[in-house]
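Chemist: This is the structure, below, for whatever I ask next.
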Amino acid sequence: MADKKFAAYLCKGCGLGERLNINQLAAVATKEGKIPLIKQHDLLCSSEGVALIQGDIDSEQITHLMIAACSKRAKTEAFNFENVAMSRANLREGVIWVRPDTEAAKENTQEMAEDYIRMSCAELKYMNIPAPSQEQGRIPHILVVGGGITGMTSALEAAKAGYHVTLVEKTAALGGMAAQLHRRVAYQSPFKDPQPTGIADLAKQVQSHQKIKVHLNSTVADTSGAPGRFAITIAHESGGTSTENVGAIIQASGFKPYDAQKLTEFSFGKSPDIIDQLGLEALARQANGGPIKRPSDGKEVQKVTFIQCAGQRSQTEGHLPYCSGHCCLTSVKQAMYFKDANPEVDTLILYTDLRMPGFGGENFYRSGQDKGILFTKGQASSVLPNGGDLTVKFKDLILNEEVEDTADLVVLATGMLPNSGIDIEAIPLKVEEKKAGDSASEEPVAASPPETLVPVESVLNLSYRQGKDMPQLIHGFTDSHFICFPYETRRTGIYAAGPVRRPMDISQAMEDATGATMKAIQALENAALGRAAHPRSGDLSFPRFRKEGCTQCKRCTVECPFGAINEDEKTYPVFNEGRCRRCGTCMGACPVRVISFENYSIDTVGQAIKAVNVPDESSEKPRILLLACENDTYPALDMVGMNRIEYSAYVRIIPVRCLGSVNTIWITDALNSGYDGVILMGCQKGDNYQCHFVKGSELAHIRTSKIDDTLKQLNLERERVQTYEIAITDLARIPQIINEMETTIQRIGLSPFKF
Amino acid sequence: MTNVVATNQTILVVGGGISGMTAALEAAECGKDVILIEKNPSLGGRVAQLYKYFPKMCFPTCGMEINLRRIKSNRRLRILTLTEVTSVTGDTGNYSVTLKLSPRYVNENCTACGACANAVTAEFDNEYNYGLNKRKSAYLPFAMAYPQRYVIDSRIIGTEEASKAKAACPVNAIDLDMQVQELKITVGAIIWATGWKPYDANKIQPYGYDRIPNVITSVEFERMADPLGPTGGKLLRPSDQKEAKNIAFIQCAGSRDRNYLKHCSRMCCTATLKQTTYIREKYGDEGKANIYYIDIRAIDRFEDLYQKVKQDPTVTFIKSKVASITQDKSTGNPILNGVNTEGYQRYSTPYDLVVLAVGMEPSVDFTQLPINITLNESGFIEFDPKNGGQFAAGCASDALDVNRAVQHATASSLRAIQVINKVAGAEA
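Protein sequences appear in the order of chains A and B.
The first sequence begins at -10 in this note's numbering and counts up by one.
The second sequence begins at -9 in this note's numbering and counts up by one.
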């Protein structure tokens, strides 16, 4: 890369000119920041201000610019320059808006601003303009694992957008569970009657599409590589294997039905007339619109009872705690099979809550009522064969009484279990530590052996350090952890869709398949350009590591939340750019500090920390370092400024990509150079974690809890380093925490490390 | 004059709530040119008015921040606020769309310093808080508003107030001469992410929303619970500003009812379960939540939330469609009248505050617009091949929760891309 050329621009707008001595700030940037070109402007974000900067970029070949004005979150449309490195000193939200406009406060406020100039200059000096690595590939080809309705929909939607698809299906035919259905629930107006499934037609479309290649009786034996350049080995039942290179992967491995044999109270298996919903579909297919006959003696069913939530929504051992979402709709549809063939048949649905949401759900329910289906809020307790008939006992929750009823046929609405593959988090990771240190990785948490309801065959066979399958969220489903981002996968370029992601009906599964296909296409297109996937979408920076310094301790490979880093035969890390989400957890983990990004590194932050002017003890001015997660804490700090809530002038704030990227060397260096306190603010951790990099906040808590040794060596008090979980709404709490640290320092005294 | 470059390879997304933002971003991050228009002065839609999300009780502003950062860093995406569609002609791959741009009276010079707001005195109902408090006539709609730019309320144009605001602006950002503009653009595909609005509770006459001050809607309750909301996070009764501790929730208020909205609005059960946790958050064991319901539709793994709330001894579930609400004049307490269908007992129970879990209806009545699109009987856009290159995203298609709306918007984004790729003749 060409030489770095630096320039700094200082804004005098928004009161900065009145509140701060801008000439003095310029002098700091010149003398201490060693920036050769410095300009001041009355309103830097105005078109003239922007033109001034762009002019210098063009005529002076400026590559690195520092803008001292507002928060880096503000005025982003104005300060949007291509192909330059930029640092922003936050003098508005971070200084004048959080400080009183008084004569008495002036000195400290000015010092605060000067430090932010020093920090910004230091950061800029160590920044490089990110360039994509050379490992990109663009393979406009998607692998779909699973040939059910979700997988087939994905394949067709991808092909329709112009992409090639390889579909791998374990069984001998396309169609999956939906192929076993007689009819499906309506998903278009008027939502009145069961509809043909359309599966055969869909399968035909898939099989005849020139962009789609289907492998039946096949499984994925190995997945390696990264988004944009995955290499897939497909194993065929016939014994052979084939290989395929794809850009992204959709896991549509579907579900398997709950084993109704476990429901002994309902005598499943004791009578052929006690069946589950799939059993009824088979009977309906046989009947093909005619009267449905019961299996035991072929008698036409006169009375059928559906028991909802059979073995579901229950804390009983062996039952499913969740609701499978589709079963109410399905039972109403199945009752319609009877009613449509013969309105005289009694159809009773025993439910506790009928869950048929939305426009379609409610209309379908209403149609069921119109057809004469009987709905009773009741809790079934037993089903017993009684001669030729069945006795159903239930508690009528409306009449508050026990009822004994008979039926020709009982249908148990049992739930769905996801085919998620191996629960990689249930297997303790083996970590051979080279030496003990301050990182979190040496204590792999061995989860208690789960009650495994799914077969532990891998679906994807990922050759990832982190395990063979996607991490699961809850109840074994491979869902995203985030409400706003249902496709925020923990394995970049691999998207779960359909009932493997969460329980769902056919129409939602088709919608889900289309959404996941969108993300898969996007992942491969961005990987081809070296750009990060969500949430740092478009980021070109990427972790580089200096092999000479690496001690092969494996912390980075173990702690990477996205499984982006493999190990070579000598246990050196092997980074996979396409899989990386650029959070910097590896950088934070590295005890020898050999991992950094071009524009975010041990040095960009470390040097900014060291650039702060730490006054000597006699001045009695403490310095507090605050490392703030840029997704939640930093916006909250901006809002603190916008609301003009004041906080201590002694704090110096540095936004970090994620607390997981905080390397403890920064804290040690800060303490060594005379800071009196260090605060880390990140997202909520634990089961309900809010961290979009999964474990960043948790790792930071673990790492800083181990900083005690360092503090002891330095003979410093434990209170000087504090880590907090902060939400973006904590406007009142953040200033309190900062001010409390100042009070704490007053109590325990300034650091002895002032030079 | 606003200039917009658009071609038949551009995707137009109408509506800047979470669904529109998602649909626009997913396409733009796939390298497509996207124009996102929003009727209001800022993006975020109804999600920006939520305090927390179910089932995780996390803050919607967190996801907003990520989406805003994605928007700020994407050069493919053009955003027009205060903009509406007035007509659409043409067909798949080649639509001609007329846009109406209303004036903000504030240009891009605005630094959001707030000087104009300090200068003005006139106040109007705060839309962000469903009118529960007032805002200035020069205002930033809410703390996270994007674009981060003030707005001058058009009702003060031509008055002394407006001149005061203009005079106070240190950066010459206020332009009181801005006019309505009309813009014609060509696009290849259109995504309607026009969202939902709360059902008008006044129409549910037996519940007395218009007569009884302490009967409020769920969306108003949501704003109250928010520390950044009109009451600073306190659950206050409108009649006397006393803290409400014994609170009733009426489910299906205006939903699943042939007289009002026939459909089920899907998210109200889980939203109420969430809102009971606000009561616990404020009062611990001192608060009481009472949920009047038909079915608790906490579908799929939302069941976990239902089970958790059910275990809370301060929460009571009553299976009943409330017949009417009357008021105890002396206390201001609303009284719920009806029959508990589990055991058939009549009740007549007073509460401090009643929250109507109002349903969702489409925010746009497409029958009133010169736009050819298939609607169902509730006015939601149906998926229909006849719609050509026009697709619904999110709650324009059905009553959906946020997660489902985003899922749907992501799918819609691909459908629009399929149209654009076909226009471009793009072979992957």
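Quick reminder that beta carbons are idealized off the backbone N, C-alpha and C, glycines included.
Give, in chain order, every residue of the segment 396 to 407 of chain B whose Cβ lies closer than 9 Å to some Cβ of chain A.
Modeler: For the segment 396 to 407 of chain B, which is checked against every Cβ of chain A, the residues closer than 9 Å are V396, Q397, H398, A399, T400, A401, S402, S403, L404, R405 and I407.
Chemist: L218(B) versus chain A: which residues are under 8 Å apart at the beta carbon?
Modeler: Within 8 Å Cβ-Cβ: T718 and L720.
Chemist: For L343(A), which residues in chain B fall below 7 Å Cβ to Cβ?
Modeler: Residues of chain B passing the Cβ test: D285.
Chemist: Across the segment 255 to 269 of chain A and the segment 374 to 391 of chain A, are there enough close Cβ pairs to call them in contact, namely three or more that are closer than 8 Å?
Modeler: Cβ pair count under 8 Å is three or more, so yes.
Chemist: Short check: CB of F534(A) to CB of F564(A), under 8 Å?
Modeler: In contact: F534(A) and F564(A) (Cβ atoms closer than 8 Å).
Chemist: Quick check on DSSP: helix, strand or coil for S320(A)?
Modeler: In the structure shown, S320(A) sits in a helix (DSSP, three-state: H, G or I).
Chemist: For the segment 8 to 33 of chain B, which residues have a CB atom closer than 7 Å to at least one CB atom of chain A, in sequence order?
Modeler: Those would be I8, E16, E19, C20 and G21, in chain order.
Chemist: Find the residues of chain A that neighbour R246(B), judging by a C-beta separation of less than 7 Å, and give them in chain order.
Modeler: In chain order: E351.
Chemist: Listed from N- to C-terminal order along the chain, which residues in the segment 479 to 493 of chain A have their beta-carbon within a distance smaller than 9 Å of any beta-carbon of chain B?
Modeler: Listed in sequence order: R491, P492 and M493.
Chemist: Does any C-beta atom of chain A lie closer than 8 Å to the C-beta of I240(B)?
Modeler: No - not a single Cβ of chain A is within 8 Å of the one on I240(B).
Chemist: Could you round the C-beta distance between D746(A) and A625(A) to whole angstroms and report it? I think they count as a contact, below 8 Å.
Modeler: Residue 746(A) lies beyond the stretch modelled for chain A, which goes from -10 to 744, so this question has no answer here.
Chemist: Of all the beta strand (DSSP E) runs that stay within the bounds of the segment 540 to 626 of chain A, which reach a length of 3 or more residues?
Modeler: If we require 3 residues or more, the beta strand (DSSP E) runs fully inside the segment 540 to 626 of chain A come out as 554 to 556, 562 to 564 and 613 to 618.
Chemist: Does the pairing of the segment 75 to 94 of chain A with the segment 54 to 65 of chain A give three or more beta-carbon distances under 8 Å?
Modeler: With the cut-off at 8 Å, the segment 75 to 94 of chain A and the segment 54 to 65 of chain A touch.
Chemist: Closest Cβ-Cβ distance between Q679(A) and chain B: below 8 Å?
Modeler: Interface residue, yes.
Chemist: Give every residue of the same chain whose Cβ lies closer than 7 Å to the Cβ of L14(A), excluding the five residues on either side of it in the sequence, and list them in chain order.
Modeler: Correct list, in chain order: L(-1), A57, A102, E103 and I106.
Chemist: Would you decide whether G552(A) is buried or exposed? Buried here means 16 or more other CB atoms lie within 10 Å of its CB.
Modeler: Its Cβ being crowded by 16 or more others within 10 Å, G552(A) is buried.
Chemist: List, in chain order, every chain B residue whose beta-carbon is nearer than 9 Å to that of I472(A).
Modeler: Those within 9 Å of I472(A) in chain B are Y43, F44, P45, K46, C48, P50, G53, D391, V392, N393 and V396.
Chemist: Using a Cβ distance threshold of 8 Å, determine whether the segment 344 to 357 of chain B contacts the segment 236 to 255 of chain B, with at least three qualifying pairs required.
Modeler: Counting Cβ pairs under 8 Å, three or more are found: they touch.
Chemist: Residues of chain B with CB under 8 Å from M75(A), in chain order?
Modeler: In chain order: nothing, as chain B lies at least about 12 Å away.
Chemist: Can you tell which of K311(B), Q265(B) and C20(B) has the C-alpha that lies nearest to the C-alpha of K298(B)?
Modeler: When only C-alpha atoms are compared, the closest one is Q265(B).
Chemist: Which chain B residues sit within Cβ distance under 7 Å of S371(A)?
Modeler: Correct list: empty, because the minimum Cβ distance to chain B is about 21 Å.
Chemist: Between Q177(A), T560(A) and S197(A), which has its C-alpha nearest L163(A)'s C-alpha?
Modeler: Per the Cα distances, S197(A).
Chemist: Among the residues of its own chain, which have a CB less than 8 Å from the CB of P220(B), if the five just before and after it don't count?
Modeler: Result list for P220(B): N116, N119, L122, N123, R213 and M214, in chain order.
Chemist: When burial is assigned at 16 or more other CB atoms within 10 Å of the CB, is V710(A) buried or exposed?
Modeler: Buried, since its Cβ has 16 or more Cβ neighbours within 10 Å.
Chemist: Do we get a CB-CB distance below 8 Å when we pair K62(B) with the residues of chain A?
Modeler: Output row for K62(B): interface = yes.
Chemist: Give the C-beta separation of G482(A) and R544(A) to the nearest angstrom, bearing in mind that I take them to be a contact with Cβ-Cβ under 8 Å.
Modeler: Going by Cβ atoms, the distance from G482(A) to R544(A) rounds to 24 Å, so no, they are not a contact pair.
Chemist: For a contact meaning CB atoms closer than 8 Å, what does I510(A) contact in chain B?
Modeler: Within 8 Å Cβ-Cβ: C20, L404 and I407.
Chemist: Three-state secondary structure (DSSP) at C385(B)?
Modeler: Helix.
Chemist: Between D90(A) and chain B, is the shortest Cβ-Cβ distance under 8 Å, so that the two count as touching?
Modeler: Answer no: the Cβ-Cβ gap between D90(A) and chain B never drops below 8 Å.
Chemist: Which residues does DSSP pair with Q266(A) in a beta bridge?
Modeler: Per DSSP, none; premise fails for Q266(A).
Chemist: Take K252(B) and list the residues in its own chain whose beta-carbon comes closer than 8 Å to its own, dropping the five residues that flank it on each side.
Modeler: Excluding residues within five positions, the ones whose Cβ falls inside 8 Å are R246, E367 and S368.
Chemist: Of the choices A94(A), N69(A) and K(-7)(A), whose alpha-carbon is the least far from that of L113(A)?
Modeler: Among A94(A), N69(A) and K(-7)(A), the Cα nearest to that of L113(A) is on K(-7)(A).
Chemist: At a cut of 8 Å, does the segment 234 to 251 of chain A reach the segment 212 to 226 of chain A through at least three beta carbon pairs?
Modeler: Output reads yes: the segment 212 to 226 of chain A touches the segment 234 to 251 of chain A.
Chemist: In chain B, what lies closer than 8 Å to A150(A) by C-beta?
Modeler: Here the neighbours are L404, I407, Q408, N411 and A418.
Chemist: Please state whether the Cβ-Cβ distance between Y247(A) and S496(A) is less than 8 Å.
Modeler: Their beta carbons are not under 8 Å apart, which means Y247(A) does not touch S496(A) by this criterion.
Chemist: For A429(A) and chain B, any beta-carbon pair shorter than 8 Å?
Modeler: At A429(A) the pLDDT is 45, less than 50, meaning the model places this residue with poor confidence; the figure from the coordinates comes in the next sentence. By this cut-off, A429(A) is not an interface position.
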